[in-house]
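Written out below as C-alpha cells is the structure these notes cover.
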Amino acid sequence: MKENLELILRNASEEINNAQSMQNLEDIKLKYLSRKGELNSIKKNLKDLSDEDKRIIGALANKVSNELEELITNKNEEIYKKELNIKLNQEKIDITLPSDYRPQGKVHPLTQTVNEIVEIFQGMGFSLVRPENSPEVETEYINFDMLNFPPDHPAKDMQDTFYTKVAPNVILRSQTSGAQIRQMLNQKPPVRVISPGRVYRCESVSARKNNLFHQIEGLLVDTNISFGDLKGILNEFVRIYFGSNRPTRFRASYFPFTEPSAEVDVQCIMCGGKGCRTCSGTGWLEVLGSGMVHANVLRNVGIDPEVYSGFAFGMGVERLTMLKYAINDIRLFFNNDIRFLKQF
Ligand SMILES: [Zn+2]
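The opening position of the sequence shown corresponds to residue 4 in my numbering, with each subsequent residue numbered one higher.
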C-alpha cells in the first residue's frame, strides 16, 4: 500500500505539472482527491490493516493528500496568471488613439442672468426663498387672492392663465409673487428674500412674448421700511447690473399687491438716452416693477401693517438678458440652437 501511495503521488504530481487549464486541474482533483478518488479508496481499506500499519499508512496517505492539494493550488495560481496575461495582452487599450470629441457644455444665458442677479441681491443681505415656498403649480388663492387681486381681475381670466385639471383653481403660476405670500406665512419679519423661477402665461408667442418665462421676485419686510429704502436698493441693483453712471427713473404705476407702485426705467443702453428703436424713441428702458407691500397683503398673511412695512419688486429674466446682450427675439432662449447659446 505504501507503494500504491507513492505511485499515486508520482502520477498525480506529473499530471498536475502538465495541466494546461483550470479545467484539467479540476479533473485531476476529482480523480485523486474526491470522495470516490484513488486516495480515498486506500483510506477505506485501512481498516483491514494492523494497528501499526494503520498508523504508518494513514499518516502517509494524509501527507500525500496534503502535498497534492498544495501542488494543485500552486498550479492553479500559475495558470490563472498565465491566462490573465494572455487576456491583458489581447485586450490592451491603445491610449495614443484620438478620443471622441465631446463639446463642453455651458451655463444657459438665462441661468447666467439669474445667478448674477441673485448674487447682487445676496450681497445686499437677501437670501434665496426656500424652494417649497416657490412652487410652479400654485393655487389661484395664493397667486391672486392673497395678493389683493380683486375677484374680477382680468389676469384671472382663462385666456391669460393656464388652469390645470389637478383640482379646481389650481393653476400654473402667472408670477413669482406667490412666493412672497408663502414666505410671509412661514416666516415672521424681518423678511428679506429673493425668489427666481419659471412663470406661465397663456399668450400668443411672438418675438417679445413666450408662454414660459422667468421672473425674479424680491421682498423686504421689516420695521421702518420706506420708499427711500426701495429706491436705494433698486438703484444699487441697476448700477451693478447695467454698469455705473446709468440714470434710473421711478415712474408711478399700479399693481394690486403694492401701494404706491413704480416701474423702474434705466437710461437706454443702446442710444444712451437719445432715443432709438429699442427704446421706442423715449431714451428709457423699463426693467422692473416695484412698490411698497399693500397693507391688505400684510394683513392677509397676519402681519400688522401698523408695525411693519416693506417693499417688493419683480423683474423678467428674459427681458433683462435681452437688454444686456441686445437680443431681439425671446424665442432664441428656448430653441436650443447651439450657435446662439455658445455666444454667452
Ligand atoms: Zn434707445
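Even glycine gets a Cβ: it sits at the ideal position worked out from N, Cα and C.
Would you say residue i touches ligand 1, meaning its beta carbon is less than 7 angstroms from a heavy atom?
| i | result |
| --- | --- |
| Val205 | Reading the sequence as shown, one finds Cys at residue 205 and not Val. Not so, every heavy atom of ligand 1 lies at least 7 angstroms from the Cβ. |
| Thr281 | yes |
| Met273 | yes |
| Phe286 | A small correction: the amino acid at residue 286 is Gly; Phe does not occupy that position in the sequence shown. The answer is yes for Gly286. |
| Gly128 | no |
| Gly278 | yes |
Look up residue i in the DSSP assignment and give the residues it is bridged to.
| i | result |
| --- | --- |
| Met127 | Paired residues: none, contrary to the question. |
| Ser264 | Ser256, Gly294 |
| Val67 | In DSSP, Val67 forms no bridge with anything. |
| Glu29 | Its beta-bridge partners do not exist; DSSP assigns none. |
| His217 | Arg201 |
| Ala158 | Partner(s): none; Ala158 has no beta bridge. |
| Gln270 | Trp287 |
| Ser229 | None; Ser229 has no bridge partner. |
| Thr251 | Val269 |
| Thr142 | Val173 |
| Ser312 | Asp225 |
| Val196 | Ser130, Leu222 |
| Tyr1 | There is simply no residue 1 to check, as the chain begins at 4 and stops at 347 in what is shown. |
Using only CA atoms, which one of the options lies nearest to residue i?
| i | options | result |
| --- | --- | --- |
| Leu10 | Asp30, Glu41, Asn21, Met25 | Glu41 |
| Cys271 | Pro250, Tyr257, Pro259, Ala255 | Pro250 |
| Met127 | Val241, Leu8, Lys277 | Val241 |
| Val194 | Arg201, Gly200, Ile184 | Ile184 |
| Pro157 | Leu326, Phe258, Gly305, Asn27 | Phe258 |
| Arg201 | Val117, Ala210, Val224 | Val117 |
| Asn7 | Ile89, Asn48, Ser180 | Asn48 |
| Glu72 | Lys32, Glu86, Cys274, Gly278 | Lys32 |
| Asn248 | Lys168, Gly275, Ile120, Glu266 | Gly275 |
| Asn213 | Ile197, Glu309, Glu321, Val132 | Glu321 |
| Asp160 | Ser180, Lys168, Phe147, Phe337 | Phe147 |
| Val67 | Ala255, Arg13, Tyr328 | Arg13 |
| Asn79 | Phe129, Ser180, Ser53, Gln23 | Gln23 |
| Tyr328 | Phe165, Arg342, Met273 | Met273 |
| Asp307 | Val224, Gln115, Thr76, Tyr144 | Val224 |
| Gly3 | Tyr166, Cys205, Val132, Val169 | The structure shown does not extend to residue 3, since the chain is modelled only from 4 through 347, so no value can be given for it. |
| Glu17 | Leu74, Gly61, Ser130, Phe343 | Leu74 |
| Tyr144 | Phe129, Val121, Pro171, Ser130 | Pro171 |
| Thr142 | Phe343, Tyr166, Ile82 | Tyr166 |
Just how far apart, CA to CA, sit residue i and residue j?
| i | j | result |
| --- | --- | --- |
| Asn303 | Gln125 | 27 angstroms |
| Trp287 | Asp268 | 6 angstroms |
| Ile330 | Asn339 | 15 angstroms |
| Lys84 | Asn92 | 12 angstroms |
| Thr70 | Tyr104 | Here residue 70 is Glu; the residue named in the question, Thr, does not match the sequence. Cα to Cα, Glu70 sits roughly 57 angstroms from Tyr104. |
| Val173 | Phe253 | 35 angstroms |
| Ser264 | Leu291 | 11 angstroms |
| Leu63 | Lys5 | 8 angstroms |
| Leu36 | Glu55 | 24 angstroms |
| Arg58 | Lys95 | 55 angstroms |
| Asn65 | Ala15 | 15 angstroms |
| Gln26 | Ser44 | 23 angstroms |
| Val110 | Glu29 | 60 angstroms |
| Thr334 | Thr226 | According to the sequence as given, residue 334 is Arg; it is not Thr. Using only the alpha carbons, I get a separation of about 42 angstroms. |
| Asp163 | Ser207 | 10 angstroms |
| Gly305 | Tyr311 | 11 angstroms |
| Lys345 | Leu113 | 13 angstroms |
| Thr261 | Leu222 | 11 angstroms |
| Glu119 | Ile197 | 13 angstroms |
| Met325 | Asp332 | 8 angstroms |
| Ala210 | Tyr203 | 16 angstroms |
| Lys34 | Ile19 | 11 angstroms |
| Gln178 | Phe337 | 19 angstroms |
| Thr285 | Gly278 | 5 angstroms |
| Pro199 | Leu323 | 13 angstroms |
| Ile243 | Ile123 | 7 angstroms |
| Glu86 | Arg38 | 29 angstroms |
| Leu175 | Val140 | 5 angstroms |
| Val169 | Thr281 | 41 angstroms |
| Glu289 | Glu309 | 32 angstroms |
| Gln115 | Asn88 | 52 angstroms |
| Cys205 | Ala255 | 27 angstroms |
| Phe343 | Ser130 | 32 angstroms |
| Ser53 | Ile82 | 42 angstroms |
Cβ of residue i within 7 angstroms of any heavy atom in ligand 3?
| i | result |
| --- | --- |
| Arg252 | Ligand 3 is not among the ligands present in this structure, which contains only ligand 1. |
With a threshold of 8 angstroms between beta carbons, is residue i in contact with chain D?
| i | result |
| --- | --- |
| Leu63 | Protein chain content of the structure displayed is limited to a single chain, and chain D is not contained in it. |
Quiz item: Should the segment 294-312 be called in touch with the segment 212-221, which here means at least 3 C-beta pairs below 8 angstroms?
Solution: no
Practice problem: For the segment 230-237 and the segment 300-320, state whether three or more C-beta atom pairs, one from each stretch, are separated by less than 8 angstroms. | Solution: yes
Quiz item: Is the segment 187-203 touching the segment 128-138 in the sense that three or more CB pairs, one from each, lie closer than 8 angstroms?
Solution: yes
Quiz prompt | Three CB pairs or more closer than 8 angstroms across the segment 148-156 and the segment 100-114 | solution = no
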